[in-house]
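When you number the sequence shown by the working numbering, it's gap-free, plus one each residue, and the end is 472.
Notes to accompany the following structure.
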Amino acid sequence: AIPMARLAGIWLAGQRGILVSEIEAYDRVRAIDTIVFDKTGTLTHGRWRLIRVESLSGHDPRSILAWAAGLEQTSQHEIARAICAHAREQAVEPIPATDIVVTPGGIRGRINENALSIGNRRFAWGDRGRPDGEIQPGAEEMPTSRVYLSNNGNPSAVLIFGDTIRDSVPALVEALKSCGLALHLISGDGDAVTRQIALSCGLTEARGGLLPADKADYVDVLSARGHHVAMVGDGINDAAAMTRAHLAAAIHSGSGLAKEAAHITLMRGGPAQLLDFFALSRKVNRKVTQNLWCAWIYNLIGIPVAMSGLLTPLVAATAMLLSSLTVIGNTLLLLRKA
């Protein structure tokens, strides 16, 4: 009664471009009351573009770009690809780096006598450097994110990046809100830009500047408050949080590690498919309930008759067959109506 409906649901999800990795996903979705979204690559396209380089302490912006491209040459992160693409556009040759160390907060390496760090502010600058508010905004209209670079421990540059929100996100947010779900946005990017993106999407709960462990803790805190959390992400930085969530959904365009941690994968590369999965889950769970009632009706009738001694083996076998055929036929109606 239960596995057959869920297996039919897995097939139907595949028809809609949703890969269900765990059959329990249909049961888990019943309890969801909170959804936590990652920002980059989930609500935004994740196609970063380096808008400009703010050099500090008299450094040449082209030298900064050469250093940054040298550090990021071997990385597959969207930010790394954006830096290298901008260097090619500006005809700047990357300077190869040595002793490269990749961490969740950024990348460290050496170029000649320079010990360089590039990543979020806490990783690259620590408590040093002037406040971000002193860096004058440019003419770009899109929300921006910042990556920081230090040379021998001294703040040297801020790299300004832009991204765009997916067209389907505002409608998705309104639809999820109408279902009574609480929505949160978290990101490893700065808190200001994360909140700016959240407001643009219609979200009120947002936290930025989170490392992968911080994201996992954020989900843990919500769970400790009694919420059943769905985590939606696309990158390696989201995997830890996804393993802590009641339901984990990965965006197909993201990293393999995120997909490994996910109960479902949205194969069309956007979060809007969540609505399709929720709608399908309601149908599957309703069909499970119907199948259970069908099975119980046969048992409620058959057990008293058997106890009275009036149920022959032939009639019992026939009733068992009819019960199974009823469940199968009811499940097939799910496939037919879908």
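Each residue gets a CB set at the ideal place from its N, CA and C atoms; glycine is no exception.
Can you tell me whether DSSP reads Thr298 as helix, strand or coil? Secondary structure at Thr298: coil, using DSSP grouped into helix, strand and coil.
Find the nearest neighbour of Lys173 within the set Asn425, Arg470, Asn285, Glu339, judged by alpha-carbon distance. If we check each option's Cα against that of Lys173, Glu339 comes out closest.
Where the beta strand (DSSP E) containing His318 begins and where it ends: Element bounds for His318: 316-320.
Which residue wins for smallest C-alpha separation from His179, given the options Gly404, Trp201, Ser415, His220? That would be Gly404, whose Cα lies nearest to the Cα of His179.
Between the region 175-191 and the region 214-234, can you find at least three pairs of beta-carbon atoms closer than 8 Å? Yes, the region 214-234 touches the region 175-191.
Specify the secondary structure class of Ser209 as computed by DSSP and reduced to three states. Under the three-state reduction of DSSP, Ser209 is assigned to coil, being neither helix nor strand.
Based on Cα-Cα distance, which residue from Val163, Leu414, Leu319 lies nearest to Gly175? In this structure, Leu319 is the residue among Val163, Leu414, Leu319 with its C-alpha nearest to the C-alpha of Gly175.
Taking Cβ positions, are Ala350 and Ala374 nearer each other than 7 Å? Ala374 sits close to Ala350, with the two beta carbons spaced by under 7 Å.
Spatially closest choice to Gly260 from Ser302, Ser334, Leu199, Gly343, by CA coordinates: Residue Gly343 is the option with its Cα nearest to Gly260.
Closest to Ala451 by C-alpha separation, out of Asn433, Leu468, Leu467, would be which residue? Closest option to Ala451, judged by alpha-carbon separation, among Asn433, Leu468, Leu467: Asn433.
Excluding the 5 residues preceding and the 5 following Ser165 in the sequence, name in chain order all residues of the same chain whose CB lies nearer than 8 Å to its CB. What sits at residue 165 in the sequence shown is Ala, not Ser. His362, His380.
Beta-carbon contacts of Thr399 that lie in its chain and below 6 Å, excluding the five residues immediately before and after: So the list reads Leu153, Ala384, His386, Lys393, once near-sequence residues are dropped.
So, is Asp233 buried or exposed, given that buried needs 16 or more other C-beta atoms within 10 angstroms? Its Cβ having fewer than 16 others within 10 Å, Asp233 is exposed.
Take Ile245 as the anchor and find which of Leu190, Thr465, Thr446, Ser197 has the nearest alpha-carbon. Nearest option by C-alpha distance: Ser197.
Are Ala477 and Ala203 closer than 7 Å when you measure CB to CB? Outside the displayed range of the chain (135 to 472) lies residue 477, so it cannot be described from this structure.
For the alpha helix (DSSP H) containing Asn425, name the first residue and the last one. For Asn425, the enclosing alpha helix (DSSP H) has its first and last residue at 407-441.
Can you name the residues that DSSP bridges to Gly240? The partner list for Gly240 (beta bridge, DSSP) reads Thr237, Gly253.
How should Gly360 be labelled, buried or exposed, when 16 other C-beta atoms within 10 angstroms of its C-beta is the threshold for buried? Looking at its Cβ environment, which holds fewer than 16 other Cβ atoms inside 10 Å, Gly360 is exposed.
For the candidate residues Phe295, Thr278, Ile299, Ala200, whose alpha-carbon lies nearest to that of Leu250? Checked all of Phe295, Thr278, Ile299, Ala200; the closest Cα to Leu250 is Ala200.
In whole angstroms, what separates the C-alpha of Cys335 from that of Thr278? Looking at the backbone, the Cα of Cys335 and that of Thr278 are separated by about 15 Å.
Cβ-Cβ separation, Leu468 to Ala159 (assumed contact under 8 Å), whole Å: Not quite, the Cβ-Cβ distance comes to about 16 Å (not below 8 Å), so this is no contact.
CA-to-CA distance, Ala382 to Ala395, given in whole angstroms: The straight-line gap from Cα to Cα measures roughly 7 Å.
Under 6 Å Cβ to Cβ from Gln149, same chain only, skipping five residues before and after it: list those, please. The answer is none, since no qualifying residue turns up.
Leaving out five residues on either side along the sequence, give the residues of the same chain with a beta carbon under 7 Å from the beta carbon of Phe411. Only residues of its own chain outside the window of five on either side were considered, and among them Ala147, Ile152, Ile398 have a CB closer than 7 Å to the CB of Phe411, listed in chain order.
Mind checking whether Val418 and Ala135 have CB atoms under 7 Å apart? Using a Cβ distance threshold of 7 Å, Val418 and Ala135 do not count as a contacting pair.
Taking only the alpha-carbon atoms, compute the straight-line gap between Arg262 and Asp167 and give it to the nearest angstrom. Each residue's Cα considered, the two are about 41 Å apart.
If the criterion is Cβ atoms closer than 7 Å, does the pair Ile128 and Ile229 meet it? Because the chain here runs from 135 to 472, residue 128 falls outside it and cannot be looked at.
Does the separation of the CB atoms of Leu169 and Ala347 fall below 7 Å? The sequence given here places Ile at residue 169; Leu does not occur at that position. Cβ atoms of Ile169 and Ala347: not closer than 7 Å.
Is DSSP giving Asp172 helix, strand or coil here? Per DSSP, reduced to three states, the secondary structure at Asp172 is strand.
Start-to-end residues for the beta strand (DSSP E) that takes in Met401: Here Met401 belongs to no beta strand (DSSP E), and DSSP marks it neither H nor E.
Need the endpoints of the beta strand (DSSP E) that Ile152 sits in, please. Element bounds for Ile152: 152-154.
Following the continuous beta strand (DSSP E) through Ile385, name the residue where it begins and the one where it ends. 381-385 is the span of the beta strand (DSSP E), which, as asked, contains Ile385.
Would you mind stating whether Ala231 and Leu306 have Cβ atoms separated by less than 7 Å? No, the pair does not count as a contact, with Cβ atoms beyond the cut-off.
Distance, Gly243 Cα to Gly287 Cα: Approximately 12 Å between the Cα atoms of the pair.
Going by other Cβ atoms of all chains shown within 10 Å of its Cβ, with 16 needed for buried, is Gly367 buried or exposed? Gly367 should be labelled buried.
Consult DSSP for Ile185 and reduce its assignment to one of helix, strand or coil. If DSSP states are grouped into helix, strand and coil, Ile185 belongs with the strands.
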